Amino acid sequence: MPAHPITRRLALPGWSVLRFSFTLIAAVLLAAAIATGVLVVFWIGIPVAVGVFLAIRVWANSQRRMIGEQLGVDIPVPYRERPKRARLDQQALLLVREAATWRDFAWLAIDATLGFLVNLLYLGVFAVAVYYLVQPLLLVTLFHTAPNPGVNDFGFYDFDTPAKTLMLVPLALGCGVAWWRWGELFLRWYSHLGVLLLGPTAKALLTARVSELRHSRDLTVDYAAAELRRIERDLHDGAQGRIAALSLTLGMAEELLHQNRPDQAVALVAEARQTCSDALEEIRDLVRGIHPPVLADRGLTGALQAMALDHPLPVSVVDRLGEKLPAPLEAAAYFATNEVLTNITKHAEASQVQVVVTHEQGLVRIEVRDDGRGGATVASGGGLDGVSRRLAAFDGNLTVDSPEGGPTTVTLTIPAVAAAPAAVENKRASGT
21 MPAHPITRRL ALPGWSVLRF SFTLIAAVLL AAAIATGVLV VFWIGIPVAV
71 GVFLAIRVWA NSQRRMIGEQ LGVDIPVPYR ERPKRARLDQ QALLLVREAA
121 TWRDFAWLAI DATLGFLVNL LYLGVFAVAV YYLVQPLLLV TLFHTAPNPG
171 VNDFGFYDFD TPAKTLMLVP LALGCGVAWW RWGELFLRWY SHLGVLLLGP
221 TAKALLTARV SELRHSRDLT VDYAAAELRR IERDLHDGAQ GRIAALSLTL
271 GMAEELLHQN RPDQAVALVA EARQTCSDAL EEIRDLVRGI HPPVLADRGL
321 TGALQAMALD HPLPVSVVDR LGEKLPAPLE AAAYFATNEV LTNITKHAEA
371 SQVQVVVTHE QGLVRIEVRD DGRGGATVAS GGGLDGVSRR LAAFDGNLTV
421 DSPEGGPTTV TLTIPAVAAA PAAVENKRAS GT
């Protein structure tokens, strides 16, 4: 619906006509559902029942979209996922057992009766206001040659001349004022009734949330296990091997000293020192991969700017964050952005990248935009899928807008409800 009040009110009659047509469809579906209830005792009624129930769902989903657009809200689809290979009788049983089916049926019955009357009344008031306002002009222009236009025969009085029809203008103005003042409220009241029935119940929302959190927990556990395996592998293949070689080299140097061969022992000690330096560097890299020191020193934006300087592509960072975030959240956002940038380097064929960091309405939003070839998707086991699993630990999500040919925008969204307390602690620590 248009946002401006005047434009929105002028568009409402068109919406009401559309909703009125859907009440007629609702009446047909209601009659079909009642007839199906009679036929379902026979085997032939089962496939008919499944078809009618699915048709009601299509109708209900259309209602959700229309009501959502009118009210400016999102009405989630409350249906549970059905098995694809179930028999017709099993599908019919699942549909019957689902509470959302009966809520759809209840709204179908209401819309076929009350909805019909609501939209008919709204359109009737609007039609009376328009008709009696323009009727005097019509009698003077289009119907001035008619000998006896029987247009307003109310039984007690016949308003059949332009002068007499002017007496109906106050009625038209009254209907117009009522339509303008209360018409939208009337339709919105009815639409809110639809939201109550078409939207998911509190129990369904809670069940969906529990399932989402359980899935998020599983992803977090899998990701943590993978990170532990990576750290173990890096230590085993890198620093641990170098430290073992260092121990052998020092042992050989000790033997050479016992054999009074100091020159060769000095060479081995120098080699051991280099091995020790390499091991320390690998350990630093590993620690940097767990929590980069630049995050603690400069915060998320500073860390992203440092990352941009080391990136092979030109990366610009737009900072709209405004405050420091909790350390775990900063680390998740940093590594998720790093993974997205790595993915761009490998696959996007881009020439430049922009990273925009914002924090508004309790959400940290990071948009990574590139001018590459596009076509990016969140494939299972891919880089973006790993980013999505990392964000799931913080109840965050990842969305990708990547048409073929580009450009691509990857949006990372993380709830930051703990950001404000963290900012207070930072101020206390700094003495401000």
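Per this note's numbering, the sequence shown starts with residue 21, numbered consecutively. Think of the CB as a built atom: it goes at the ideal place given N, C-alpha and C, for glycine as much as any other residue. Being a predicted model, the structure only gives us computed values, none of them experimental.
Rounded distance between the beta-carbons of residue j and residue i, thought under 8 Å
i	j	result
Ala368	Gly392	3 Å
Arg385	Thr321	Between Thr321 and Arg385 the Cβ distance is about 13 Å, and since that is not below 8 Å, they are no contact.
Leu225	Ala126	In fact, because the Cβ distance is near 19 Å, the residues do not count as touching under 8 Å.
Thr378	Arg340	4 Å
Val78	Thr56	Contact doesn't hold; Cβ gap of about 16 Å is too wide.
Leu315	Phe414	That belief does not hold up - the Cβ atoms of Leu315 and Phe414 are roughly 15 Å apart, past 8 Å.
Met272	Leu288	6 Å
Val373	Leu383	Rounded, the Cβ-Cβ distance is 22 Å, inconsistent with contact.
Leu59	Val68	6 Å
Ala292	Leu266	5 Å
Ala80	Asp124	4 Å
Pairwise C-alpha distance: residue j and residue i
i	j	result
Leu32	Leu213	18 Å
Leu191	Ala129	34 Å
Trp209	Gly406	45 Å
Ile364	Pro332	11 Å
Val97	Arg249	39 Å
Thr433	Leu329	24 Å
Leu99	Leu207	A quick correction: the sequence has Tyr, not Leu, at residue 99. Tyr99 and Leu207: Cα-Cα distance of roughly 26 Å.
Arg318	Leu324	9 Å
Pro427	Arg389	7 Å
Thr269	Thr397	50 Å
Asp421	Thr429	5 Å
Phe146	Ala228	43 Å
Gln279	Ala259	30 Å
Leu45	Arg102	Strictly speaking, residue 45 in this sequence is Ile, with Leu absent from that position. The alpha-carbon atoms of Ile45 and Arg102 are separated by roughly 25 Å.
Leu134	Gly425	50 Å
Val150	Arg28	18 Å
Gly403	Ala120	37 Å
Arg107	Leu140	42 Å
Ala75	Ala347	50 Å
Ala352	Ile303	21 Å
Ser371	Ser400	27 Å
Trp35	Ala198	18 Å
Exposed unless 16 or more other CB atoms sit within 10 angstroms - verdict on residue i
i	result
Leu50	buried
Ala246	exposed
Ile95	buried
Ala299	buried
Val116	exposed
Val335	buried
Gly170	Because the pLDDT of Gly170 is 49, which lies under 50, any placement of that residue in the model is unreliable, and the number read from its coordinates should be weighed accordingly. When all chains shown are included, Gly170 counts as exposed.
Gly92	exposed
Arg262	buried
Ile10	Not covered by the structure: residue 10. The range shown for the chain is 21 to 452.
Arg85	exposed
Trp202	exposed
Ile54	exposed
Gly144	exposed
Gln20	Outside the shown range of the chain (21 to 452) lies residue 20, about which nothing can therefore be said.
Thr43	buried
DSSP beta-bridge partners of residue i
i	result
Pro435	Leu383
Asp421	Thr429
Arg340	Thr378
Asp390	Val373, Thr428
Val37	Note: Val37 sits in no beta bridge, so no partner.
Val335	Val373
Endpoints, the alpha helix (DSSP H) within which residue i is located
i	result
Thr133	Here Thr133 belongs to no alpha helix (DSSP H), and DSSP marks it neither H nor E.
Gly194	189-218
Thr397	No alpha helix (DSSP H) contains Thr397, which DSSP labels as neither H nor E.
Ala356	347-367
Ala264	260-278
Limits of the beta strand (DSSP E) - the one that residue i falls within
i	result
Asp415	Neither: Asp415 is in no beta strand (DSSP E) and is coded neither H nor E.
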